[in-house]
Every structure is written in structure tokens, then in C-alpha cells.
Amino acid sequence: MPKTPKEPRPKSKEIKGQKLPYPARQSDMKQQPDSDLSNYKPAGKLKGKIAIITGADSGIGRAVAIAFAMEGAAVAITYNKNDGDAKTTRQMVEDKGGKCLVLRSDVRDPKACRAAVKRTVKEFGGLNILVNNAHFQMAQKKIEDLTEEQFRLTFETNIFGYFYM
Numbered sequence: 072m073p074k075t076p077k078e079p080r081p082k083s084k085e086i087k088g089q090k091l092p093y094p095a096r097q098s099d100m101k102q103q104p105d106s107d108l109s110n111y112k113p114a115g116k117l118k119g120k121i122a123i124i125t126g127a128d129s130g131i132g133r134a135v136a137i138a139f140a141m142e143g144a145a146v147a148i149t150y151n152k153n154d155g156d157a158k159t160t161r162q163m164v165e166d167k168g169g170k171c172l173v174l175r176s177d178v179r180d181p182k183a184c185r186a187a188v189k190r191t192v193k194e195f196g197g198l199n200i201l202v203n204n205a206h207f208q209m210a211q212k213k214i215e216d217l218t219e220e221q222f223r224l225t226f227e228t229n230i231f232g233y234f235y236m
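Residue numbers (my numbering): 72 to 236.
Quick look at the structure:
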């Protein structure tokens with residue numbers, strides 16, 4: 072029986088926790104999220120579609136933006152503060168032949184969310200897909216260690232932001 076090749080990505084137990092200031096920059100992470108889609112075989116499943124992806128400057132959002140572009144979608148990405156990460160995502164999308172509109176926007180602000188949608192529709196002529204990816208996460212060992220500010224940011228970003236979009 073042939074051996075299964077070793078998985079190139081680290082297992083979850085191999086990833087050490089990192090404390091980074093919010094919002095973290097992907098470029099500051101010791102272990103980088105994987106955005107390598109070189110083995111992905113696109114099939115044109117999103118050809119002609121238009122997507123807006125929140126929090127797509129890094130991590131999962133970046134990988135989704137790249138994959139959607141490879142599938143033929145025009146993508147608008149929103150991000151909160153990290154201009155450099157957003158610029159890198161745009162370049163990665165464009166390197167795959169996709170169109171990428173970059174929008175600095177805070178999902179906690181309903182006016183900013185409406186403006187991002189309006190700008191996407193104006194730029195690309197419509198909107199078919201919404202990916203609510205932006206999120207706030209601050210791990211604590213005990214619930215008593217969770218501050219009111221962290222609790223508020225979690226709900227404003229992870230719940231209200233989804234509604235506003």
C-alpha cells in the first residue's frame with residue numbers, strides 16, 4: 072500500500088498561540104494563514120458573478136477572494152485598517168486574472184456597510200454574493216477575563232456587522 076504524502080500544512084496542535092494587537096496584520100503573524108491555491112482547479116462556477124467579502128484583507132477572507140476570482144467572480148473586499156494586507160490581497164486576486172475592488176470599511180458602522188454595497192454595485196454593475204467573513208476574536212482563559220469592551224466588539228462585529236451588510 073503506498074504511503075500517504077505528508078500534509079504540508081501544520082496540524083492545529085502544532086500551531087502556537089499568538090497575541091497580536093487588534094486588528095492583527097497578517098504580515099506580523101509567525102505562522103501565516105495558507106492562501107496557496109496552486110493545486111486548485113477552477114471550473115468557472117462563478118463566471119459573471121459579483122461578490123463582496125468582508126474582512127478579506129487576510130486569512131480566510133483572502134483565500135476566499137482568490138478562489139472566487141479563480142472561479143470567475145469579480146470581488147470587492149472590505150477591510151478595517153490594514154492597508155498593506157488589503158493591497159497584497161488585491162495583487163493576489165489580480166495575479167489570478169480577477170477584478171478586485173478594495174474598500175476600507177468597518178462592518179460595525181451601518182452607513183459604511185451601505186456605502187460598501189453601493190460602491191460595489193456602482194463599480195461592477197450588481198451584486199450576487201455576500202460573504203460575511205469579518206470577525207473579532209479575543210481568546211481568554213476564563214470568561215471572567217473577558218472585558219466589556221471585548222464583549223461589545225465581538226457582538227458589534229460578529230453579529231451586528233452581518234446584519235448591517
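The C-beta atom is built at its ideal place from N, Cα and C for all residues, glycine as well.
Note that the structure is a prediction, hence the values are computed from the model and not measured.
{"Query": "Three-state secondary structure (DSSP) of PHE231", "Result": "helix"}
{"Query": "Proximity below 9 Å, CB of THR149 to CB of GLY126", "Result": "yes"}
{"Query": "Backbone secondary structure at LEU224 - three-state DSSP", "Result": "helix"}
{"Query": "Whole-angstrom distance between ASP166 and ASN199, CA atom to CA atom", "Result": "23 Å"}
{"Query": "4 or more residues per run - each alpha helix (DSSP H) lying fully within the stretch 141–168", "Result": "154–166"}
{"Query": "C-beta atoms of ARG179 and THR228 nearer than 9 Å", "Result": "yes"}
{"Query": "CA-to-CA distance, ILE123 to ILE137, given in whole angstroms", "Result": "12 Å"}
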